[in-house]
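Chemist: Below you will find the structure I want to go over with you.
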Amino acid sequence: MPELPEVETIVRSLQKTVIGQRIVRVVVEWPPMVQRSPLNVLTELPGQRIQEVHRRGKYIVFSLSTGAVLLIHLKMSGRVYVCAADAPPDPYVRVTFGLEDGREMRFRDPRKFGRVYLAPDASRVLGHLGPEPLDEHFTEEMFLVRINGRRGMIKPLLMDQSFLAGVGNIYADEALFQARIRPRRRAETLSEEEKRALYRAIQRVLIRSIELNGATLADGMYQGGSFQNDFCVYSREGQPCPTCGSPIERIKIGQRSSYFCPTCQT
DNA sequence: AGTTCCACCCGCACGC
DNA sequence: TGCGTGCGGGTGGAAC
Numbered sequence: 006m007p008e009l010p011e012v013e014t015i016v017r018s019l020q021k022t023v024i025g026q027r028i029v030r031v032v033v034e035w036p037p038m039v040q041r042s043p044l045n046v047l048t049e050l051p052g053q054r055i056q057e058v059h060r061r062g063k064y065i066v067f068s069l070s071t072g073a074v075l076l077i078h079l080k081m082s083g084r085v086y087v088c089a090a091d092a093p094p095d096p097y098v099r100v101t102f103g104l105e106d107g108r109e110m111r112f113r114d115p116r117k118f119g120r121v122y123l124a125p126d127a128s129r130v131l132g133h134l135g136p137e138p139l140d141e142h143f144t145e146e147m148f149l150v151r152i153n154g155r156r157g158m159i160k161p162l163l164m165d166q167s168f169l170a171g172v173g174n175i176y177a178d179e180a181l182f183q184a185r186i187r188p189r190r191r192a193e194t195l196s197e198e199e200k201r202a203l204y205r206a207i208q209r210v211l212i213r214s215i216e217l218n219g220a221t222l223a224d225g226m227y228q229g230g231s232f233q234n235d236f237c238v239y240s241r242e243g244q245p246c247p248t249c250g251s252p253i254e255r256i257k258i259g260q261r262s263s264y265f266c267p268t269c270q271t
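Quick note: the first sequence uses the numbering used here, first residue 6, plus one each step.
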């Protein structure tokens, strides 16, 4: 379920429930999910205390008492929740973190695409990520510098995590709609005005979604958000554009669906 | 030489 | 039953 707003929502929840807790037990049901790290999740994680939880791109980052970090990427279908240890068993839980107060933090992931890392420092895993789109230091001018000189289709560029961290399929489509740019447009053909509009659209869309706790999608992996009600184009093939009424079109870019208004977006 | 592009892959659920 | 689809992203190789 994760793009930036959904991960942000989960992180805010975890900040209220697991900070200060010591991890006393780790059970891995799906070993391939635990990526080879310099530190061993099973032997080196128990006993460590969770000091901070934050988000970087689409990763959840737990800062631990030894200075090491526990990193979780939810990929397509992952979810992290905290419950009592005697809560009903969940067949899709792949990794269980037992907490000292008796609760459990569970990593649930039907599709098994998610990943867990334990590393001495976050940069080993996060080093390739581009800037945070909502970081106050990431200004419009910095975005212009970053996009100038790039070529190729704009949508894959927005979803490139080394270009910008946290934007995925939904928010790329919604931001391009707001900026009135077609997803197949090439970055080198964008005017400066379009680039500036795109920067502002990305921020507007992400901020609005975070306000609404992200988006709940039809497949139901993630619940609680309501940004899906604000979708202008995503998942709206054939439905009228909220601006002009034209039917929204769907095309494939890089094996993924892209939605846009053929009238509003050029 | 470094980018960019593109098909394919990874488990699984769901809808038609 | 079978096929298409999917809130991610890495890979390897071809094309620029």
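For each residue, glycine too, the CB sits at the ideal point set by N, CA and C. As the structure is a computational prediction, the values presented were derived from the model and not from experiment.
Got a sec? Which residues, its chain only, sit under 6 Å from ARG61 by beta carbon, not counting five neighbours each side?
Modeler: Within the first sequence, residue 61 is the residue found at index 56, counting from 1. Hits under 6 Å: LEU131.
Chemist: I need the straight-line Cα distance from PRO94 to ARG155, nearest angstrom please.
Modeler: Stepping through the first sequence from its first residue, residue 94 is reached at position 89. Stepping through the first sequence from its first residue, residue 155 is reached at position 150. Straight-line Cα distance between these residues: approximately 48 Å.
Chemist: Considering only DSSP beta bridges, list what VAL16 is partnered with.
Modeler: By 1-based counting over the first sequence, the position of residue 16 is 11. According to DSSP, which records beta bridges pairwise, VAL16 is partnered with nothing at all.
Chemist: Can you tell me the Cβ-Cβ gap for PHE265 and PHE182, rounded? I've got them flagged as a contact below 8 Å.
Modeler: Taking the first residue of the first sequence as position 1, residue 265 is located at position 260. Taking the first residue of the first sequence as position 1, residue 182 is located at position 177. Contact flag correct, Cβ pair sits at about 6 Å.
Chemist: Relative to the alpha-carbon of GLY157, which residue among VAL16, LEU195, HIS59 has its alpha-carbon at the smallest distance?
Modeler: The count along the first sequence starts at 1 and reaches residue 157 at position 152. With distances taken between Cα atoms, GLY157 lies closest to LEU195.
Chemist: Determine, using beta carbons only, whether LYS160 and TRP35 come nearer to each other than 7 Å.
Modeler: On the first sequence, position 155 is the one that residue 160 refers to. On the first sequence, position 30 is the one that residue 35 refers to. Result no, Cβ atoms of LYS160 and TRP35 do not sit closer than 7 Å.
Chemist: By DSSP's criteria, SER263 is part of a beta bridge. Which residues make up the other side?
Modeler: The residue labelled residue 263 in the question sits at position 258 within the first sequence. The partner list for SER263 (beta bridge, DSSP) reads ILE256.
Chemist: Can at least three beta-carbon pairs, one atom from the stretch 244-253 and one from the stretch 199-218, be found at a separation below 8 Å?
Modeler: Output reads no: the stretch 199-218 does not touch the stretch 244-253.
Chemist: Near ARG191, which residues of its chain fall below 8 Å by C-beta distance, leaving aside the five closest residues on each side in sequence?
Modeler: Numbered from 1 along the first sequence, position 186 holds the residue referred to as residue 191. Within the same chain, ARG191 has close Cβ partners ARG156, GLY157, MET158, ILE159.
Chemist: Provide the residue span of the beta strand (DSSP E) that contains TYR239, from first to last.
Modeler: Residue numbering aside, residue 239 sits at position 234 when the first sequence is read from its first letter. Unbroken run through TYR239: none, as it is neither H nor E.
Chemist: Hey, would you say LEU47 sits closer than 7 Å to LEU123, going by beta carbons?
Modeler: Within the first sequence, numbered from 1, the residue matching residue 47 stands at position 42. Within the first sequence, numbered from 1, the residue matching residue 123 stands at position 118. No, these two residues do not count as a Cβ contact at 7 Å.
Chemist: In terms of alpha-carbon separation, which member of ASP140, VAL85, LEU162 lies closest to ILE258?
Modeler: Translated into the one-based positions of the first sequence, residue 258 becomes position 253. Looking at the Cα atoms, LEU162 is the closest of the given residues.
Chemist: Of the choices GLY173, LEU222, VAL87, whose alpha-carbon is the least far from that of GLU109?
Modeler: Residue 109 sits at position 104 when you count from the first residue of the first sequence. Nearest of GLY173, LEU222, VAL87 to GLU109, Cα basis: VAL87.
Chemist: Taking only the alpha-carbon atoms, compute the straight-line gap between GLY72 and ILE55 and give it to the nearest angstrom.
Modeler: Working through the first sequence from its first residue, we reach residue 72 at position 67. Working through the first sequence from its first residue, we reach residue 55 at position 50. Rounded to whole angstroms, GLY72 to ILE55 spans 10 Å at the Cα level.
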